Amino acid sequence: MNCLDVMGRLSDYIDQEVAGEVCKELEAHLATCPHCRIEVNTLRRTVELYHRIPSSHVPGEVEERLFKVLNLRR
Amino acid sequence: MRDSSKLTDFQLVDLVRGGEQAAYRHLVQRYEGKIYNLALRLLRRPEDAEDVLQETFLSAYRALPNFKGDSQFGTWLYRIATNFALMKLRGKKPVFVSLDEPRDDDQPPVELTDFSADPLADVLDSELRHKMEEAIAKLPEDMRTVFLLRDIEGLSNSEVAEILDLSVAAVKSRLHRTRLQLRRDLARYFSEREAARASRAPRTSKG
């Protein structure tokens with residue numbers, strides 16, 4: 001496996017969707033290629049950071065209007 | 001008295017179908033935050049997100065008798081919300097950039113700064129959060145939709161494919177390209193942040 005093969009499987013790899021022999025080959029390449037390790041680590045970090053980005057609360061008055069439209073009690 | 005908050009979505013759906021309207025309140029409370037945030041990040045204007053929120057839950061309530069249960073209730077709801085949000089978005093901005101065509105910004109890989117070493121909690125400050133929200137907002141609609149459903153809402157590739165009527169392969173391909181673009185933005189941000197820090201650091205002088 002070379003760097004280009006790894007690049008094509010980056011997302012699948014960090015999503016743990018690369019299995020078996022292909023995964024072994026990919027990890028063997030990573031063990032020897034610092035450039036590809038940075039590729040994997042920074043892409044994984046990107047996904048982790050976005051996964052942690054906080055969400056907004058539904059503002060109280062927005063929820064109030066929603067329940068009113070739906071004819072539900074809060 | 002029954003504790004409805006412990007019931008599954010399917011059990012609550014059955015209660016609503018059986019005429020217990022109050023059970024719908026629990027479903028709304030379970031999903032309103034997710035739907036509101038998705039709509040807000042897709043449309044950006046809070047008043048538009050509120051419209052989508054109301055339209056989604058009204059429409060889902062009316063369609064509940066037809067809900068087959070082939071998919072999860074949440075997936076079904078996201079599908080309704082995404083459709084409303086995209087209709088609103090396209091009504092305003094009809095330009096649709098398809099990811100299936102190569103684009104100019106698909107640059108060859110550049111030398112990346114490794115920004116993965118610092119602990120997550122240390123780097124995710126308000127400035128970075130703002131940059132990240134900006135980066136999401138700048139994505140073309142098709143990339144943004146896939147990314148929000150998959151990486152922000154945490155749905156699976158097959159759920160996203162179902163919601164957007166795409167193949168799983170198309171979802172994966174869009175997701176991958178989006179992640180690469182967002183990483184490019186983050187790498188740029190971290191490298192500028194590092195440079196700014198270095199320029200502020202006191203210089204050591206000889207002597």
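Chains A and B, in that order, are what the protein sequence lines are. Take 1 as the starting number for the first sequence in the working numbering and just add one per residue. Take 1 as the starting number for the second sequence in the working numbering and just add one per residue. For glycine and all other residues, C-beta sits at the position ideal for the given N, C-alpha and C. On a predicted model such as this, the values are computed, not experimentally measured, just so you know.
In the DSSP annotation of this structure, the continuous segment of the alpha helix (DSSP H) that includes Gln54(B) starts and ends at Pro46 to Ala63. Scanning chain B for C-beta atoms nearer than 7 angstroms to the C-beta of Glu48(A) yields Leu120, reported in chain order. Around Val160(B), the same chain offers Val146, Leu149, Arg150 and Val171 as residues with beta carbons nearer than 7 angstroms, after the five sequence neighbours per side are excluded. Look at the segment 167-181 of chain B: the residues with a C-beta under 8 angstroms from a C-beta of chain A are Lys172, Leu175, His176, Arg179 and Leu180. Identification of residues in the segment 51-67 of chain A having a C-beta nearer than 9 angstroms to some C-beta of chain B yields His51, Arg52, Ile53, Pro54, Ser55, Ser56, His57, Val58, Pro59, Val62, Glu63, Arg65, Leu66 and Phe67, given in sequence order.
Closer than 8 angstroms to the CB of Glu162(B) there is not a single CB belonging to chain A. Under the three-state reduction of DSSP, Pro119(B) is assigned to coil, being neither helix nor strand. If you look at Asn71(A), you'll find it isn't in any alpha helix (DSSP H); DSSP assigns it neither H nor E.
Using a Cβ-Cβ cut-off of 8 angstroms, Asn41(A) counts as an interface residue toward chain B, since at least one Cβ of chain B sits closer than that to its own. The C-beta distance from Leu43(A) to Leu10(A) rounds to 5 angstroms, short enough to fall under 8 angstroms. The C-beta distance from Val40(A) to Leu30(A) rounds to 6 angstroms, short enough to meet the 8 angstroms contact threshold. Under the 8 angstroms criterion on CB atoms, Glu20(B) is classed as non-interfacial with respect to chain A. Taking C-beta separations shorter than 7 angstroms and ignoring five residues to either side along the sequence, the partners of Asp12(A) in its chain run Val18, following chain order. At least 8 angstroms separates the CB of Arg193(B) from every CB of chain A.
If you check the CB distance, Leu58(B) and Arg17(B) do not come in under 8 angstroms. With respect to the 8 angstroms criterion, Ile14(A) and Asp114(B) are not classified as neighbours on the basis of their beta carbons. Straight-line spacing of the CA atoms in Arg90(B) and Ser173(B) works out to 22 angstroms. Membership of Pro34(A) in the alpha helix (DSSP H) is indicated by the continuous run Pro34 to His51. Setting aside the 5 residues that flank it on each side, Leu42(B) is surrounded in the same chain by Ala85, each with a C-beta closer than 6 angstroms to its C-beta; the list follows chain order. Chain-order list of chain B residues neighbouring Leu10(A): His176, Arg179 and Leu180, by C-beta distance under 9 angstroms.
Taking 9 angstroms as the Cβ-Cβ cut-off, the segment 17-30 of chain A approaches chain B at Glu17, given in chain order.
With contacts defined by Cβ atoms closer than 8 angstroms, Asp9(B) and Leu27(B) form a contacting pair.
Contact between Ala81(B) and Thr56(B) holds: their C-beta atoms lie close to 4 angstroms from each other, under 8 angstroms. Interface with chain B (8 angstroms Cβ-Cβ cutoff): Val6(A) is excluded. In this structure, Ile136(B) and Tyr78(B) do not form a Cβ contact; the two beta carbons are roughly 17 angstroms apart against a cut-off of 8 angstroms.
The C-beta of Asp114(B) comes closer than 8 angstroms to at least one C-beta of chain A. Looking only at Ala60(B), Ser71(B), Pro46(B) and Arg44(B), the smallest Cα-Cα distance to Ser156(B) is reached by Ser71(B).
A residue is called buried when at least 16 other Cβ atoms come within 10 angstroms of its Cβ; Asp3(B) does not meet this threshold and is exposed. Check the Cα spacing between Leu175(B) and each of Ser191(B), Ala117(B), Pro140(B) and Gln29(B): the tightest is with Pro140(B). Residue range Ser126 to Lys138 is occupied by the alpha helix (DSSP H) that includes Glu134(B).
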